[in-house]
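Protein chains in written order, with my numbering: chain A, 22 to 493; chain B, 47 to 532.
First the structure, in the form of structure tokens, and then the observations on it.
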């Protein structure tokens, strides 16, 4: 009865008929490199009036990496969206400059105290960036058609859930700042939740392609809204329980909220039933209320959110310092290297947004948020352009998770919502987040390339007998 | 049949757009609407850190910095140093990360730290030119030679010296003794800082006390100048009016008596005002006080600045003359006892007013305020008359009488060969069983004074009239010699 195949949406520009030269992407990458490298150079200029040490190798390295990535995309996904890669590179470049700036602050602090200079974070972050771009290439290379992923729907579920609970494994998981979301293996530590994000999006998309009819059709009335029947509530309850488990056992508010929000959003997109949103919101409120009364760490977060200055020296320290930094930045910011963003704890990771807000000001921070908005918008546009339901749900999930994560973290450090410990995509110091987000871009490019390719290659889909792919 | 998802994806886009809108609105609120409120939160130490990261402007005496910031080696980028140690502490105050700041360091902080709004244009220029913004400078009215002379002369004494330029009110010397070295309090090492502080607050000699400005003393016989001014201004007295001056008088309406310090009558028991001042005769001035009454004394004292607050720019303690005095209290107040209290600054103002033809100038310590480029931020200080305490003719008469005090009265220790010096001694009882305070106020050259000086030395052995001349007059003489360039 149903078909997962959708006629391509009418587009004014129309699908390109010949292999595009991607000159728009190249031009935008040059612009993105200029933004990042000029910001990086500015750190040196404001701190001694000279170019930062190792600027030339850094600049050459970043340029080569960005151009190689462009080359790979040109080769592997020639028809894909030309804005995604440059925008992500621009954010990444600003992040590298900001982290370098905070490295300098740490050096100055250590030098004044006569201590040895701490290990800088920016070079590591550059390595992670390169690794991220390599993984983007790997995604494009291995996933030649997004529908291939649909075969791995349940594998993805297992991988996703396993990654999610990995930090709970004794001897492997480590608790940092109260949240048990890190895994340490050898000398490396990473946040498996960032990778789990990708696997679960694949799972949700694949699962909903199959189940969306059942989840959409059968319904009953509740509070004047059409809601699904009780027996169809299973999946959303499982998703909710997993989110609550993340909250309870890993004390990770942000990841918990991110996954549940993602599932509800995709459920709504797949079924078109507002009832799921009502139920999701209801479950979210139940979970939040339970969390507030049952767990001290949730209560502290909420109390600090409502009254940040009540205990500004202790529980409110991070958020008040963040707000002071943002306020200090004002409209135009102090200028890179001119402020004191290192006063905010975790300025390189969780609070990098307040460092940007302080030194680049409201202007810079708004521009940065608009870059994210463009990224999300291109992702959603990719979803609309996709030719099959799986591709649509996949791209939609990837774009939504990016947008929601930015909202949760930026809303947190600006005290719009309670503070949670999520990374800012492409900006925060941290490897797992960096590589995961580059893989998100890789998948979006793949979906986009597939959608805009003049003659899509048919791929047999094994898991869904109902789905028929009709080549145009 | 379910739709193509385009509708729900679009609605999800609207939801995401709303989330981003909320973020954008919120950062506008935080970074613009609430920014000044956040900047003034008590826990926000960004301003302090910025201040310590900027080169603080110097405090200057003449052309020489007496407080200057140098590149620091420890936790602070710049370190405040005071090249002359404790010499200028009564004026400069100290600048401490932990214990705050005092004196000019506190009052003129916006200029010195560069946060004064008058600097903003310059700072924008600095920003464009890539220069680090610096603070402005504060030039004091202090005369280095007078300051040093006063501090040296006060060595071994506890007390205060204030020297004023009579024609302007500019403070030429401001000395406390004991003093303290403000350098350790500005140290880059918090251990040094707190150790120095602990030592200072535990010191029984109270070196942190700004004695010339913040401490009030019974002015004793130096207050007779005020009583004398009231008497001559009343029209009922001339310099030659004879006043009863027995060894002691009974205070009206009480059984108590008020004696002369040596328990002897002055002269033959009746002296002219001139002689009463020269020998500092208590009973004669008590009689004048009784005759004039408390209200007349109060009015005269207030014309000199008693019961008024002065900001030099540090707020000096208010010198007090009580109201609603009965005759017995007026008698005691007329010789600067009872509840009369004066700062050294106030008594210097009394002397300065007499030297300046009766006009009291508001005292000030800041000559000019300069930007980082040493261009004046505001016109240099000009005299601000507080009011006329007496007519020029009476000022002239009192000057002559005060010259007599130095020439052949209690103030001979202040004599300078070839210079007519006007002065008045005082020895004030503080509290029963406590040592007295020795005072000397003077100005010179008497006919056109360059300087008026008040010296108070705590801990005179007894209230005998000799101590003002013996302990305090030599200090005043040293300061005057320094000012007159001898």
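Glycine is no exception: its CB is placed at the ideal position from the N, C-alpha and C atoms.
Task: Top-ranked residue by Cα proximity to residue 183(B), from 240(B), 114(B), 230(B) and 242(B) - done: Taking only the C-alpha atoms, the option nearest residue 183(B) is 114(B).
Task: Sequence-distant residues of the same chain with beta carbon closer than 6 Å to residue 133(B), five excluded per side - done: Contacts found: 197.
TODO: Measure the alpha-carbon distance for residue 394(A) versus residue 417(B) and round it to whole angstroms.
DONE: Taking the Cα positions, residue 394(A) is about 46 Å away from residue 417(B).
Task: According to DSSP, residues forming a beta bridge with residue 289(B) - done: DSSP lists 317(B) as partners of residue 289(B).
TODO: Enumerate in chain order the residues of its own chain whose CB-to-CB distance from residue 347(B) is below 6 Å, with the five nearest sequence positions on each side excluded.
DONE: Within the same chain, 272 and 367 come within 6 Å of residue 347(B) by CB-CB distance, once the 5 residues on both sides are set aside.
Open item on the list: Can you pull out the residues from the region 410-424 of chain A whose beta carbon lies closer than 7 Å to at least one beta carbon of chain B?
Closed with: Against chain B - using a Cβ distance shorter than 7 Å - the residues of the region 410-424 of chain A are 410, 413, 417, 421 and 424.
Task: Beta-carbon contacts of residue 263(B) that lie in its chain and below 6 Å, excluding the five residues immediately before and after - done: Counting only residues of its own chain and dropping the five nearest sequence neighbours on each side, residue 263(B) has a CB closer than 6 Å to the CB of 483 and 502.
TODO: Please confirm if residue 53(B) has its CB atom under 8 Å from at least one CB of chain A.
DONE: Yes, its Cβ sits closer than 8 Å to a Cβ of chain A.
- [ ] Report all residues from its chain with a CB closer than 6 Å to the CB of residue 408(B); omit the five preceding and five following residues, and keep chain order.
- [x] For residue 408(B), where only same-chain residues beyond five positions count, the Cβ hits under 6 Å are 215, 430 and 432.
Open item on the list: Spatial neighbours of residue 195(B) within its chain, please: C-beta separation below 6 Å, excluding the five flanking residues on both sides.
Closed with: So the qualifying residues of the chain are 524, 525 and 528.
- [ ] Indicate whether the contact test is met: 3 or more Cβ pairs, each with one atom in the region 345-355 of chain A and one in the region 368-388 of chain A, closer than 8 Å.
- [x] A contact is defined here as three or more CB-CB pairs under 8 Å, and the region 345-355 of chain A meets this definition with respect to the region 368-388 of chain A.
Open item on the list: Check for me: the beta strand (DSSP E) holding residue 407(B) runs from which residue to which?
Closed with: For residue 407(B), the enclosing beta strand (DSSP E) has its first and last residue at 405-407.
Open item on the list: Suppose the cutoff is 8 Å on Cβ atoms and the five residues either side in sequence are ignored; what does the same chain contact list for residue 112(A) look like?
Closed with: In its chain, beyond the 5 residues on either side, 389, 392, 393, 396, 446, 447 and 448 have a beta carbon closer than 8 Å to the beta carbon of residue 112(A).
Open item on the list: For a contact defined as C-beta to C-beta under 8 Å, what are the partners of residue 92(B) on chain A?
Closed with: Neighbours of residue 92(B) on chain A, chain order: 345, 346, 349, 361 and 364.
Open item on the list: Could you compute how far the alpha carbon of residue 291(A) sits from the alpha carbon of residue 317(A)?
Closed with: The alpha-carbon atoms of residue 291(A) and residue 317(A) are separated by roughly 36 Å.
Open item on the list: Measuring straight from C-alpha to C-alpha, what distance separates residue 55(B) and residue 295(A)?
Closed with: Their Cα atoms are separated by approximately 13 Å.
Open item on the list: So with CB distances below 8 Å, who are the chain A contacts of residue 77(B)?
Closed with: Under the 8 Å cutoff, chain A gives 347, 348, 350, 351, 352, 378, 382, 383 and 386.
Task: Check whether residue 440(A) and residue 433(A) have beta carbons under 8 Å apart - done: Cβ atoms of residue 440(A) and residue 433(A): closer than 8 Å.
Task: Proximity to residue 172(A) [Cα-Cα], best of 212(A), 231(A) and 209(A) - done: Of 212(A), 231(A) and 209(A), the smallest CA-CA separation from residue 172(A) is found for 231(A).
Open item on the list: Using the Cβ count rule (16 or more neighbours within 10 Å means buried), how would you classify residue 196(A)?
Closed with: With fewer than 16 Cβ atoms within 10 Å of its Cβ, residue 196(A) is classed as exposed.
- [ ] Just the chain A side, please: which residues come within less than 8 Å of residue 68(B) by C-beta, in chain order?
- [x] Near residue 68(B) (Cβ distances below 8 Å), the residues of chain A are 428, 432 and 437.
TODO: Note down, in chain order, every chain B residue with its Cβ under 9 Å from the Cβ of residue 341(A).
DONE: The answer, in chain order, is 84, 87, 89 and 90.
- [ ] Anything in chain B within Cβ reach of residue 405(A), meaning under 7 Å, just list it in chain order.
- [x] Residues of chain B passing the Cβ test: 52 and 55.
Open item on the list: If you reduce the DSSP assignment to three classes, tell me which class residue 272(A) lands in.
Closed with: Correct three-state label for residue 272(A): coil.
Open item on the list: Less than 7 Å between C-beta atoms, sequence neighbours within five positions excluded: which residues of the same chain meet that for residue 104(B)?
Closed with: 111, 113, 114 and 183, listed in sequence order.
Task: From 247(B), 64(B), 87(B) and 70(B), residue whose alpha carbon lies closest to that of residue 332(A) - done: Among 247(B), 64(B), 87(B) and 70(B), the Cα nearest to that of residue 332(A) belongs to 87(B).
TODO: Count the C-beta pairs between the region 350-357 of chain B and the region 307-318 of chain B that are closer than 8 Å, then say yes if the count reaches three, no if not.
DONE: Contact between the region 350-357 of chain B and the region 307-318 of chain B is absent, because fewer than three Cβ pairs lie under 8 Å.
Task: residue 496(A) to residue 287(A) span [Cα, whole Å] - done: The displayed coordinates of chain A run from 22 to 493. Any statement about residue 496(A) would go beyond what the structure contains.
TODO: Return the bridge partner residues of residue 40(A) from the DSSP annotation.
DONE: DSSP, once it has assigned bridges, lists no residue as partnering residue 40(A).
Task: C-beta contact flag for residue 258(A) and residue 217(A) at 8 Å - done: Not closer than 8 Å, so no.
Open item on the list: Taking CB distances under 8 Å as the criterion, tell me whether residue 390(A) reaches chain B.
Closed with: Interface residue, yes.
TODO: Could you tell me whether the Cβ of residue 72(B) comes closer than 8 Å to any Cβ of chain A?
DONE: At least one chain A Cβ lies under 8 Å of residue 72(B).
Task: Buried/exposed call for residue 180(B), threshold 16 Cβ in 10 Å - done: Buried is the call here.
TODO: Would you tell me roughly how many angstroms separate the C-alpha atoms of residue 170(A) and residue 223(A), rounded to the nearest one?
DONE: Their backbone Cα atoms lie some 7 Å apart in a straight line.
Open item on the list: If I follow the unbroken alpha helix (DSSP H) through residue 222(A), where does it start and stop?
Closed with: Residues 213-238.
Task: Reduced DSSP category for residue 65(B) - H, G, I as helix; E, B as strand; rest coil - done: The answer is helix: DSSP assigns residue 65(B) an H, G or I state.
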